[in-house]
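The structure appears right after this line, and notes come after that.
Numbering (this note's numbering), first residue to last: 36 to 194.
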């Protein structure tokens with residue numbers, strides 16, 4: 036084998052062994068960033084509820100839902116699921132739920148600036164990563180899973 040080939044193979048091996056080590060810190064950063072984005076949006080809606088209702092009625096074209104219900108559900112989702120992300124509790128479910136909020140936001144805005152659309156795409160990719168790989172070691176999900184795996188298994192009939 037030639038030296039350049041060995042060098043490339045060595046670099047590939049180093050990357051393959053190093054990347055899994057940063058999964059948990061990267062997931063934590065993604066969870067905190069996304070929680071900030073969505074929770075801030077929820078707080079903005081909550082602070083001026085009349086404007087929120089007006090926007091959902093007149094500006095946003097949320098499909099299939101009455102505007103008031105869409106406003107309540109959207110605000111609820113933007114306030115509750117980010118908190119779950121911060122804790123790393125039900126991470127995959129929360130990421131999927133926020134993905135729905137994200138997609139509905141993009142669909143309902145008929146005139147979305149390109150820069151804002153790019154942000155929604157970035158958020159969607161980060162949410163997809165969390166939905167697929169979970170919250171990492173720095174999450175309640177990991178603590179619960181570790182605890183659950185350590186429980187003794189019951190055998191036999193229930194008395």
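Even for Gly, the Cβ is constructed at its ideal location relative to N, Cα and C. Owing to the predicted nature of the structure, the values given are computational and were not obtained by experimental measurement.
Quick check on the burial criterion: 16 or more other C-beta atoms within 10 angstroms. Buried or exposed for residue 116?
buried
Residue 99: buried (16+ other C-beta within 10 angstroms of its C-beta) or exposed?
exposed
Under the three-state DSSP convention, the category residue 178 falls into
helix
Burial state of residue 194, where buried means 16 or more other Cβ atoms lie within 10 Å
Low confidence applies to residue 194: its pLDDT is 48, below 50, so where it sits in the model is not reliable, and the reading given next is rough at best. Under this definition residue 194 is an exposed residue.
Distance CB(residue 90)-CB(residue 133) smaller than 8 Å:
no
Under three-state DSSP, which class holds residue 167?
helix
Mapping the DSSP letters down to three states, classify residue 131 as helix, strand or coil.
helix
Contact between the region 108–122 and the region 73–84 (3+ Cβ pairs under 8 Å):
yes
Which runs of the alpha helix (DSSP H) fall wholly inside the region 78–138 and span at least 4 residues, in chain order?
84–89 and 102–122
Cβ contact (3+ pairs, closer than 8 Å) linking the region 152–159 and the region 173–190:
no
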